[in-house]
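*Asks:* In this note's numbering, the protein residues as written are 3 to 248.
Ideal Cβ positions, reconstructed from N, Cα and C, are used throughout, including at glycine.
The structure displayed is predicted, hence computed values, not measured ones.
Here is the structure:
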């Protein structure tokens with residue numbers, strides 16, 4: 003609904019759940035991010051169809067960005083499996099901090115650019131895919147501000163970001179599965195850094211509600227909701243940073 007993808011909520015929630023189940027701290031951030039990406043694979047399909055039915059997705063722009071985003075997503079997802087847990091968790095906490103501030107201030111870049119050419123879009127796509135897979139998000143926090151700054155309508159930018167969430171999540175998940183394959187500390191019910199029970203629970207709850215989020219994004223003013231959400235995200239990020247630093 004807010005154009006951010008579910009990873010901003012899913013990853014902190016999974017980190018908390020995995021900690022309560024006493025999983026080894028060395029794998030918790032990787033497992034949370036990999037599972038988040040896997041969930042976005044399923045939830046994004048439902049949201050893409052809802053946006054497509056509204057004819058909101060600019061498919062030519064998606065086709066230009068998608069190859070680079072999936073490449074960046076796979077490489078970043080694979081390499082993230084080798085990053086120490088504390089660094090990965092700290093990086094995600096800083097990202098959450100920035101998201102919370104952005105939402106509270108309702109910051110949007112000035113729309114004074116134009117969409118770059120094919121080469122420029124490939125560079126943007128590579129960066130979006132890499133950062134999104136590393137953080138376990140669909141990329142909306144990066145894609146939407148960029149597209150809006152390039153004079154695209156905000157709702158159109160959200161629709162394009164939704165469509166790009168699928169290749170980012172799919173190939174990012176593949177990277178996390180590959181890098182975590184056979185890890186000695188992983189519990190039963192995992193495939194690489196993806197928890198199948200958690201994935202089933204998230205996808206089962208989110209798939210039916212994704213079209214509702216799309217409808218609300220088109221029908222409701224969400225400014226106040228974004229500020230409330232921003233305050234919650236800010237609190238989560240500060241707590242996460244505290245656990246990393248202490």
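For a minimum of 4 consecutive residues, which ranges assigned as the alpha helix (DSSP H) are wholly contained in the segment 7–36?
*Replies:* Runs of the alpha helix (DSSP H) inside the segment 7–36: 9–22.
*Asks:* Give every residue of the same chain whose Cβ lies closer than 7 Å to the Cβ of residue 73, excluding the five residues on either side of it in the sequence, and list them in chain order.
*Replies:* Excluding positions up to five away in sequence, the list reads 128, 131.
*Asks:* Name, in chain order, the residues that DSSP records as bridge partners for residue 192.
*Replies:* Answer by DSSP bridge pairing, in chain order: 197.
*Asks:* Do you know how far the Cα of residue 54 is from the Cα of residue 143?
*Replies:* Cα to Cα, residue 143 sits roughly 21 Å from residue 54.
*Asks:* Between which two residues does the alpha helix (DSSP H) carrying residue 143 extend?
*Replies:* Unbroken alpha helix (DSSP H) run through residue 143: 142–151.
*Asks:* Which whole-angstrom value is the C-beta distance of residue 89 and residue 10, which I expect to be below 8 Å?
*Replies:* The Cβ separation is near 19 Å, so there is no contact.
*Asks:* Answer with buried or exposed for residue 237, where buried requires no fewer than 16 other C-beta atoms within 10 angstroms of its C-beta.
*Replies:* With fewer than 16 other Cβ atoms within 10 Å, it is exposed.
*Asks:* Roughly how many angstroms separate the alpha carbons of residue 167 and residue 244, rounded to a whole number?
*Replies:* Rounded to the nearest angstrom, the two C-alpha atoms are 30 Å apart.
*Asks:* By Cβ distance below 8 Å, which residues in the same chain neighbour residue 192 in space, the five residues on each side in sequence not counted?
*Replies:* For residue 192, where only same-chain residues beyond five positions count, the Cβ hits under 8 Å are 33, 182, 198.
*Asks:* Within 10 Å of its beta-carbon, does residue 91 have 16 or more other beta-carbons around it, so buried, or fewer, so exposed?
*Replies:* The residue is buried, with at least 16 neighbouring Cβ atoms inside 10 Å.
*Asks:* What's the C-alpha gap between residue 108 and residue 94?
*Replies:* Looking at the two C-alpha atoms, the distance is approximately 21 Å.
*Asks:* Is DSSP giving residue 185 helix, strand or coil here?
*Replies:* Looking at residue 185 - three-state DSSP - the assignment turns out to be coil, as it is neither helix nor strand.
*Asks:* Thinking just about the alpha-carbon of each residue, which of 232, 205, 180 is nearest to the one in residue 76?
*Replies:* Here the closest residue by C-alpha is 180.
*Asks:* Would you call the segment 143–160 in contact with the segment 39–52, where contact means no fewer than 3 C-beta pairs closer than 8 Å?
*Replies:* As far as the Cβ criterion goes, the segment 143–160 does not touch the segment 39–52, which means the pair count is below three.
*Asks:* Check each candidate in 207, 232, 196 and name the one with the smallest Cα separation from residue 38.
*Replies:* When each option's Cα is compared against that of residue 38, the closest is 196.
*Asks:* In three-state DSSP terms, what is residue 251?
*Replies:* One cannot answer for residue 251 here, as it falls past the ends of the chain, which runs 3 to 248.
*Asks:* Measuring alpha carbon to alpha carbon, tell me which residue in 42, 22, 17 is nearest residue 204.
*Replies:* Nearest of 42, 22, 17 to residue 204, Cα basis: 42.
*Asks:* Going by Cα to Cα distance, which pick from 71, 50, 57, 14 is closest to residue 173?
*Replies:* It is 71.
*Asks:* CA-CA distance, residue 28 and residue 99?
*Replies:* Computed Cα separation, rounded: 23 Å.
*Asks:* Answer yes or no: do residue 282 and residue 240 have a C-beta to C-beta separation smaller than 7 Å?
*Replies:* Residue 282 falls outside the range modelled here, since the chain spans only 3 to 248, and no answer is possible.
*Asks:* Could you compute how far the alpha carbon of residue 14 sits from the alpha carbon of residue 58?
*Replies:* For residue 14 and residue 58, the distance between alpha carbons rounds to 30 Å.
*Asks:* Could you tell me the distance, in whole angstroms, from the CA atom of residue 233 to the CA atom of residue 105?
*Replies:* Between residue 233 and residue 105, the C-alpha separation is close to 8 Å.
*Asks:* Taking the straight line between their C-alpha atoms, what separation do you get for residue 145 and residue 66?
*Replies:* Straight-line Cα distance between these residues: approximately 13 Å.
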